[in-house]
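If you want the numbering used here, it's the 1-based position in the sequence shown plus 2. Every residue gets a Cβ at the ideal spot worked out from N, C-alpha and C, and that includes glycine. Accompanying notes for the structure given below.
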Amino acid sequence: MEIPEFLQGFFYTGQEPVIPIAYDGFWVGFSILVAMVGSIAGLTIADLSKQIKHTLTRRSMQLAGAVTFGVTVWAMHFVGMLAVSIPVSMSYSPWMTLVSSFPAIIAAWFAIRWTAGRQRSHVNRATTALLIAVGIGVMHYTGMVAMQMEALLRFEVVDFTYSILIAILLSYIGIWADEELRARWQSLSAHLVGGALLGLAISGMHYEGMKSVRVIASADMMGVSNSVDRAYLGVIIFLGVIAAVGIGLSTSLITKLRINLKELNVSRAQLKTIITGGLNSVIVVNSNNEIESINAQTEQLFKIDKDKIRGSAISQLLPNYDALSGDQGSVLNCEITGYRSDGVEVQLLMRRIWIKSEESEQAVIYLMDISDFRDAERELYYQATHDSLTGLYNRRHLEVCARHEYESLLRNQRPLSALMFDLDHFKLVNDTYGHDVGDLVLKNVASFCGEVLRTNDLFFRSGGEEFVVLLPDTSKTNAMVIGEKLRKHMEAQRISLYSDSLKVTISVGVATTEAQLEGGVEELLTWADEAMYRSKSAGRNCCTHFDTLADVKTAS
């Protein structure tokens, strides 16, 4: 290949005599190890920097990583030069040697910026690999130019070109491997393998570049001993590499530690604000269920002093806590009853979360006072199921309870009776005395009947002056006895008015079933209603069972 005239001072033309170059295997291996160590350190620092949010701190950390990576690559070059044995007197230009480190640091900067970046594409990798290869190549050939010797140094064109191409290809493989491995392995393992491959790329470029070296010297120069003390220089370079890597990693780790401590303090302040300023009560207990700390809301809820309660059993506030199920480590949500220091009971919604660490295990208990909510819930339920005038169950609740008792009958094969009655001539009471007296009569009827009924009987006002009683596990005979007892008890009562008293009688209908009905429990209620109308037809103030073949007046 013909070399252009302006490059003939750099490239070998193939006409000058050259002297052979030998390599020392130990230093070759050592140089490759240095390149791998630097690459692994650089990738690790880059990965650590990604976790830092502060831009200036992150950039500073990446710059420290670039210096560490670049210095080790630069050191690898000169360790590799120690492996070269050239039979001429040789030294290095201090300034040119120093200048040759800058391209390596710049190349390392691109490598670290890529590792710390988020963009991942073939174009991005190829561009980064090209910049790394060019930087390392410039460092390598600048370092070669820094050599001072009487012989001339030239480079063979083809091997020179191969060295650049190999640097690009192997750099691409190294950064690709690091990226792919980080997606599958832990970061440290990925950096070890990716850094080793990147170190091989740097070493491969170096020794392919050395393959292009041609030392041109006359015969009388050959055989002169090399003046470089390899052992001394190797130790100095090795210590420099260790120092650079140590400083870079230490700076990165210290920076990360400072950032983590700062974030930890912020998180601690936020957590304290959340606990102390939140609406919920928070209690921290240890594995022995002893209270370790509480917040101000807990003090207010239980009316206690946090200094006095610390170390006490949680059962002092939540007596049923020890009976709660749930493995340690699980999240438990439930309702629980608590007691204030003055003995007042409070209904609480509780969430318990276990926090485990190597040293201890704690449970954080969040409590919300739902006493008012439960009171309101009970009040709403009462209003939905009870008659507002008499306090008895209403017709809507009658339908629910009747279905429930009927299903119980089917399961247990026990009789179920229904008793229905209304007040005789109640319209006349309203017309004569007014609706206020009518309401008073209804309330008194509910009270008088409640004195006769059993505790498991279910008493309803189904509407107007009509009432229904469900009699679970009650036969026809017993149901008739209860119906008659109600009738007689009402007949014997007197309702006091302002200057008078009022007697009220009732007409009672009874129905019983011991088996499944085609129409269900509604059919049983219909029977009781029909029996009640039979009592009215028989002259009122009597009790009739639906199965009676003829209306029987049990009292006049």
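Note to self: What does the alpha-carbon distance come out to for the pair M148 and V160?
What the structure shows: It is worth fixing the name first, because residue 148 is Ala in this sequence and not Met. Between A148 and V160, the C-alpha separation is close to 22 Å.
Q | Whole-angstrom distance between D475 and S419, CA atom to CA atom | A | 8 Å
Counting only beta-carbon atoms, is K490 nearer than 8 Å to chain C?
-> Within the model displayed, chain C is absent; a lone protein chain is all it includes.
Please check the pair V506 and L425, which I expect to be a contact at CB under 8 Å, by giving their CB distance rounded to whole angstroms.
V506 to L425, Cβ: 6 Å. Contact.
Fill in: Integer Cβ distance of N282 from L369, believed to fall under 8 Å
6 Å
With 16 as the cutoff for other CB atoms within 10 Å, does H437 come out buried or exposed? exposed
(message) Going by C-alpha to C-alpha distance, which of T434, G139 and W29 sits closest to P105?
(response) G139
Inset, instruction - Could you check the C-alpha separation between A481 and T515 for me, to the nearest Å? - result: 11 Å
(request) May I ask you to report which of helix, strand or coil DSSP gives V625? (result) The displayed coordinates of the chain run from 3 to 558. Any statement about residue 625 would go beyond what the structure contains.
Task: For K358, the three-state DSSP class (helix, strand or coil) - done: The three-state reading of DSSP puts K358 in strand, counting E and B together.
* To do: Identify, in the order they occur along the chain, each residue of the same chain with its Cβ nearer than 6 Å to the Cβ of S373, setting aside the five sequence neighbours on each side.
  => V348 and Q349
Checklist line | Cα-Cα separation, G196 to V101 | finding: 28 Å
Review point. Is Q299 helix, strand or coil by DSSP?
Key: If DSSP states are grouped into helix, strand and coil, Q299 belongs with the helices.
Check: Should F462 and Y535 be called a contact, given that it needs their Cβ atoms to be closer than 8 Å?
Finding: no
Original post:
What alpha helix (DSSP H) runs, 4 residues minimum, are completely inside the stretch 487 to 543?
Top reply: 523 to 539
Check your understanding: What does M370 pair with, by DSSP beta-bridge criteria?
Key -> L351
Going along the chain, which residues of its own chain have a beta-carbon closer than 8 Å to the beta-carbon of F600, five neighbours each way excluded?
Only positions 3 to 558 of the chain appear in this structure, which leaves residue 600 out of reach.
Classify A378: buried if its beta carbon has 16 or more other beta carbons within 10 angstroms, exposed otherwise. exposed
**Prompt:** Is the stretch 33 to 48 close to the stretch 163 to 174, with three or more CB pairs under 8 Å?
**Reply:** no
Looking at the unbroken beta strand (DSSP E) that takes in G340, where does it start and where does it end?
-> L334 to Y341
### Query
What does a CB cutoff of less than 6 Å around E301 pick up in its chain, not counting 5 residues either side in sequence?
K308
request  = Could you spell out where the alpha helix (DSSP H) holding Y2 opens and where it closes?
outcome  = Lying outside 3 to 558, the shown extent of the chain, residue 2 is not represented and no answer is given.
field: Where F462 falls: helix, strand or coil (DSSP)
entry: strand
Review point. Opposite Y94 in the DSSP bridges: which residues?
Key: For Y94, which the question treats as bridged, DSSP gives the partners M149.
(message) DSSP three-state label for I23, please.
(response) coil
For the alpha helix (DSSP H) containing H388, name the first residue and the last one. Note, H388: premise wrong, no alpha helix (DSSP H); not H, not E.
> CA-CA distance, A552 and T339?
Replying inline: Low confidence applies to A552: its pLDDT is 38, below 50, so where it sits in the model is not reliable enough to give any reading.
Please report the distance separating the alpha-carbon of L411 from that of H388. 24 Å
State yes or no: is the C-beta of L526 within less than 8 Å of the C-beta of A540? Not closer than 8 Å, so no.
* Asked: DSSP puts A395 in a beta bridge; with which residues?
  -> This sequence places Tyr at residue 395; Ala is not what is there. Its beta-bridge partners are H388 and F462.
Based on the DSSP output, what are the partners of H547 in its beta bridges?
V512
Given G211, which residues of its chain have a CB within under 6 Å of its CB, disregarding the five upstream and five downstream residues?
The residues are H142 and S165.
query = Looking at the structure shown, is L411 part of a helix, part of a strand, or coil, going by DSSP?
reply = For L411, the three-state secondary structure derived from DSSP is helix.
Worksheet item: Cα-Cα, which of N322, C336, G82 and A192 is closest to K2?
Response: In this structure the chain extends from 3 to 558, so residue 2 is not present and cannot be described.
May I ask you to list the residues that DSSP assigns as paired with S205? DSSP output for S205 lists no bridge partner at all.
Is E210 helix, strand or coil when you go by DSSP? helix
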